[in-house]
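Down below is the structure, laid out as C-alpha cells.
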C-alpha cells in the first residue's frame, strides 16, 4: 500500500488550481498535411523571414501535448492570423467580415512580445507552418500553457484547389470558403424585426452560391410550421446577397454549398440573432456561447467547497464535490486530478487508477506519464509522486 503523499508533499494545500476555462474537414486530412510539414522541418528551425504572412490555425493543445477541454470544442473554433511588421490580426469567423482583433507586438529573438507580462514563444517557423506557445511572466506550467499550430493560408487554398480540380459543385468548409464583404446578420435582424418574427428558436440551413448564374439560394434542414415565417424572412435577405460575397478563387465552380446554424433569442435583457457557419449539429449551438456564467459560478463554488472539505478531512465529501464540479461541464480536469490526489492520500489505489484512466481517455499527458512511471503490479509505487496541488 502506498504511503500518504501528504507526508512528502503538502498536497492539496499549496495553491488552488484556477478553474479555466472542427468542423472536421472530410475531404482533406489536415493532420496528414501537418505531418508532412513537420517532417520537412524536422530540425524545428525558426526562419523569421517567414513570420509576416497569413496563417490558419489547424491545431491547439497544451504545451505538454495534452488535449484542451473547452466549450466550445477546439475543433469547432476557427482562427485566422495575419502578421505584419508590428501587429497581429486575429479573426474568429471563416465567413463573416468581423473586424480583426488587433494586438501590437515586438519581436525579441524568437519571442513575440504582446505586453509586459505576456507573449508567444515561436517553436517552429517555416515557409508553410508556424508553431508557437503562450508565454506568461508568472506561468511556466506546460499543462496550463497552450501551443498553437498554423498552416499558411495559401497552402490550404492550393491543397483544396487540387482536391476540387475536377469538381463542379463543392461543399465549403471553414478552411476553404467564400467570405462575405459585409455583415449579413444585420440586414437579417432588421428584416426579422420588421416582419415581427423575432423569438427564441434555432434550426439548421444551407446557403448555395451559383457563381456563374450570379444567384444565391437558401434551404432549411427542418421546416416546422411555427418557424416558416421566420425562415421566409431570413431567405428574403440571403437570396439577394450575391453581390455581398467575395468569390475570387471560386468563380470556376457551378455551386458552392455553405451549411449554417441559425439562432435567435429574445428576453427581458437581450434580443439578437447569430449565424454559425459550418455548424451542422443543433446540439452544438449552445456551446458557441461558452459556459453560462451561472454554471461557471456553480463550478467555482463546488471546487472551493471541495477544498474546504479536504482541509477539514471530510474526504468523501470532497470527492463528491469535485466529481459534481467536473460533471457540470466535463472540462475541469483539475477537479479529477484532485480526486486522484485524495484517493492517493487515503490509500484508495484502485480508485485513483480509475480516475487516472479517465484522464488518459481525455488526452491528459500528466496522467499517462504518472501511470507509466508509477504503476507496478496494478498498485501505485510508494515513492514520491508529483501531483497537481489544489488551493
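Numbering (full-length UniProt numbering), first residue to last: 1 to 391. Where is the CB? At the ideal position from N, CA and C, for every residue including glycine.
Determine the contact status of residue i and residue j, defining contact as a CB-CB distance below 9 Å.
{"i": "residue 234", "j": "residue 218", "result": "yes"}
{"i": "residue 47", "j": "residue 126", "result": "yes"}
{"i": "residue 149", "j": "residue 64", "result": "no"}
{"i": "residue 174", "j": "residue 250", "result": "no"}
{"i": "residue 408", "j": "residue 205", "result": "Absent from the structure is residue 408, since the part of the chain shown begins at 1 and ends at 391."}
{"i": "residue 284", "j": "residue 72", "result": "yes"}
{"i": "residue 352", "j": "residue 360", "result": "no"}
Can you give me the C-alpha to C-alpha distance between residue i and residue j, rounded to a whole angstrom?
{"i": "residue 54", "j": "residue 75", "result": "20 Å"}
{"i": "residue 145", "j": "residue 68", "result": "10 Å"}
{"i": "residue 107", "j": "residue 113", "result": "6 Å"}
{"i": "residue 393", "j": "residue 216", "result": "Because the chain spans 1 through 391 in this model, residue 393 falls outside it and cannot be assessed."}
{"i": "residue 286", "j": "residue 70", "result": "13 Å"}
{"i": "residue 152", "j": "residue 124", "result": "13 Å"}
{"i": "residue 96", "j": "residue 184", "result": "8 Å"}
{"i": "residue 116", "j": "residue 142", "result": "20 Å"}
{"i": "residue 13", "j": "residue 247", "result": "For residue 13, the predicted structure reports a pLDDT of 28, less than 50, and the residue's modelled location is therefore unreliable. A value from the coordinates is still provided. If I take the Cα positions, the gap works out to 58 Å."}
{"i": "residue 209", "j": "residue 61", "result": "35 Å"}
{"i": "residue 392", "j": "residue 345", "result": "Lying outside 1 to 391, the shown extent of the chain, residue 392 is not represented and no answer is given."}
{"i": "residue 270", "j": "residue 187", "result": "18 Å"}
{"i": "residue 82", "j": "residue 94", "result": "13 Å"}
{"i": "residue 314", "j": "residue 354", "result": "21 Å"}
Here's a check: name, in chain order, each residue in its chain whose Cβ is nearer than 8 Å to the Cβ of residue i, leaving out the five neighbours to either side.
{"i": "residue 101", "result": "89, 90, 91 and 92"}
{"i": "residue 118", "result": "134, 135, 136 and 137"}
{"i": "residue 169", "result": "253, 254, 255, 256 and 257"}
{"i": "residue 87", "result": "102, 103, 104 and 105"}
{"i": "residue 42", "result": "The pLDDT assigned to residue 42 is 48, lower than 50, so where the model puts this residue is not dependable, and the model offers no usable value."}
Leaving aside the five residues before and after residue i along the sequence, list all residues of the same chain whose C-beta is less than 7 Å from its C-beta, in chain order.
{"i": "residue 266", "result": "198, 199 and 200"}
{"i": "residue 227", "result": "201 and 203"}
{"i": "residue 332", "result": "19, 299, 325 and 326"}
{"i": "residue 27", "result": "Low confidence applies here, because residue 27 scores a pLDDT of 38, under 50, leaving its location unreliable and the question unanswered by this model."}
{"i": "residue 319", "result": "339 and 342"}
{"i": "residue 309", "result": "317, 318 and 321"}
For residue i and residue j, which I take to be in contact (beta-carbon distance under 8 Å), what is that distance rounded to the nearest angstrom?
{"i": "residue 329", "j": "residue 299", "result": "7 Å"}
{"i": "residue 278", "j": "residue 259", "result": "6 Å"}
{"i": "residue 56", "j": "residue 180", "result": "At roughly 18 Å, the Cβ-Cβ gap does not stay under 8 Å, so residue 56 and residue 180 are not in contact."}
{"i": "residue 66", "j": "residue 365", "result": "5 Å"}
{"i": "residue 182", "j": "residue 244", "result": "6 Å"}
Does any residue of chain D have a CB that is nearer than 9 Å to the CB of residue i?
{"i": "residue 365", "result": "The structure shown contains no chain D; it holds only a single protein chain."}
Complete beta strand (DSSP E) runs within the region 157 to 239 (minimum length 3 residues, chain order): Those beta strand (DSSP E) runs which fall completely within the region 157 to 239 and span 3+ residues are 169 to 171, 201 to 210 and 215 to 220.
Continuous beta strand (DSSP E) assignments of at least 3 residues falling wholly in the region 262 to 344: DSSP runs (the beta strand (DSSP E)) wholly in the region 262 to 344: 271 to 277.
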